[in-house]
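Chemist: So that we are looking at the same thing, I have put the structure below in structure tokens.
In our numbering, the protein residues as written are 11 to 296.
This is the structure we're talking about:
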């Protein structure tokens with residue numbers, strides 16, 4: 011129940027992973043729900059005490075040129091489970107590919123070379139000590155150079171490790187059956203990275219908005235000029251009406267008052283409209 015609440019509350023895969031790593035509520039899940047024995051206990055001193063049992067060592071994309079696909083890759087390790095998991099999914103699909111589970115002990119032995127051999131056994135101490143001698147960047151570089159993809163007849167993509175050199179060994183692969191795969195993050199499929207198409211679409215939206223803003227500004231200037239011309243015409247008309255009041259053949263007093271009232275009303279209306287247009291454009295540009 012706690013894990014479901016955490017998945018709902020935490021949207022980011024990285025934040026969920028950090029929460030699971032540091033929260034004591036998930037300690038039992040990280041340890042597989044069983045008590046640790048003397049042989050499996052993590053050393054309580056040194057750098058091994060500060061090491062996180064599970065963390066992301068790579069989060070990015072890779073172009074698989076053989077299948078002409080760019081996949082999202084996330085590589086995370088679990089020292090307590092002696093596993094490095096490579097997950098991937100397509101950028102335009104929410105379907106997650108079958109992960110590749112690599113035996114961490116054999117991977118450290120290959121990447122570390124003869125100077126950092128890892129003994130096989132039930133103790134996790136050897137894995138911890140070897141891990142701190144082999145930087146995570148070396149593991150990531152090794153896996154990225156050898157992870158490949160292939161498509162079957164139905165177009166389904168699957169991942170595998172391929173040799174770069176003919177006679178080099180490959181690390182041992184683990185099977186998902188019986189492995190603590192349920193304790194690993196399950197919301198990585200919702201993570202999305204902005205692609206070049208997303209950038210182009212955003213640039214197009216910004217360009218269209220700039221064009222619309224320019225059109226609105228031109229229209230506002232046109233309306234402002236019309237308002238100015240109208241105000242000048244009303245002022246001239248008002249002046250002529252005032253001049254005709256003293257003419258012997260001018261209109262009667264009632265008609266003059268009505269015309270003057272319309273002139274003042276139109277003047278106030280136009281002035282308010284211009285001020286409103288200026289305020290609107292100022293707020294729109296922001």
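Note that CB positions come from ideal geometry on N, CA and C, so glycine has one too.
Computed from a predicted model, the values in this text were never measured in an experiment.
Hey, could you find the ends of the alpha helix (DSSP H) residue 115 is sitting in?
Modeler: Locating residue 115 in the chain shown gives position 105, counting from the first residue. Residue 115 -> alpha helix (DSSP H) spans 114-122.
Chemist: Using CA atoms only, rank isn't needed, just tell me which of 185, 240 and 162 is closest to residue 91.
Modeler: Within the chain shown, the letter at position 81 stands for residue 91. Of the listed residues, the one whose Cα sits closest to residue 91 is 185.
Chemist: Do you know how far the Cα of residue 218 is from the Cα of residue 224?
Modeler: If you number the chain shown from 1, residue 224 lands on position 214. If you number the chain shown from 1, residue 218 lands on position 208. Taking the straight line joining both Cα atoms gives about 10 angstroms.
Chemist: Does DSSP put residue 221 in a helix, a strand or coil?
Modeler: In the chain shown, counting from the first residue as 1, residue 221 sits at position 211. If DSSP states are grouped into helix, strand and coil, residue 221 belongs with the helices.
Chemist: Span of the beta strand (DSSP E) holding residue 71?
Modeler: As a working note, residue 71 is residue 61 in the chain shown. That run of the beta strand (DSSP E) goes 64-74.
Chemist: Could you check what DSSP says for residue 160 in three-state terms: helix, strand or coil?
Modeler: On the chain shown, position 150 is the one that residue 160 refers to. Of the three classes helix, strand and coil, the one that applies to residue 160 here is strand, per DSSP.
Chemist: Identify whether residue 97 lies in helix, strand or coil by the three-state DSSP scheme.
Modeler: Translated into the one-based positions of the chain shown, residue 97 becomes position 87. If DSSP states are grouped into helix, strand and coil, residue 97 belongs with the strands.
Chemist: Between 102, 112 and 79, which lies nearest to residue 95 when the distance is taken from Cα to Cα?
Modeler: Taking the chain shown and counting its residues from 1, the one referred to as residue 95 is at position 85. Nearest of 102, 112 and 79 to residue 95, Cα basis: 112.
Chemist: If you reduce the DSSP assignment to three classes, tell me which class residue 77 lands in.
Modeler: As a first step, residue 77 must be located in the chain shown, where it is residue number 67. Reduced to three states, the DSSP call for residue 77 is coil.
Chemist: Taking Cβ to Cβ, would you say residue 121 is nearer than 8 angstroms to residue 155?
Modeler: By one-based count along the chain shown, residue 121 stands at place 111. By one-based count along the chain shown, residue 155 stands at place 145. The answer is no: Cβ separation not under 8 angstroms.
Chemist: With respect to the beta strand (DSSP E) encompassing residue 171, which residues constitute its N-terminal and C-terminal limits?
Modeler: Stepping through the chain shown from its first residue, residue 171 is reached at position 161. 167-171 is the span of the beta strand (DSSP E), which, as asked, contains residue 171.
Chemist: Between 276, 210, 221 and 283, which lies nearest to residue 233 when the distance is taken from Cα to Cα?
Modeler: Locating residue 233 in the chain shown gives position 223, counting from the first residue. Per the Cα distances, 283.
Chemist: Would you check if the distance between the CB atom of residue 291 and the CB atom of residue 227 is smaller than 8 angstroms?
Modeler: Taking the first residue of the chain shown as position 1, residue 291 is located at position 281. Taking the first residue of the chain shown as position 1, residue 227 is located at position 217. Yes, these two residues count as a Cβ contact at 8 angstroms.
Chemist: Classify residue 174 as helix, strand or coil using the three-state DSSP reduction.
Modeler: One-based indexing of the chain shown puts residue 174 at position 164. Note: residue 174 maps to coil in three-state DSSP.
Chemist: To which residues of the same chain is residue 117 closer than 7 angstroms at the C-beta, ignoring the five residues directly before and after it?
Modeler: Position 107 of the chain shown, counted from the first residue, corresponds to residue 117. Cβ neighbours of residue 117 beyond the five flanking positions: 94, 149 and 181.
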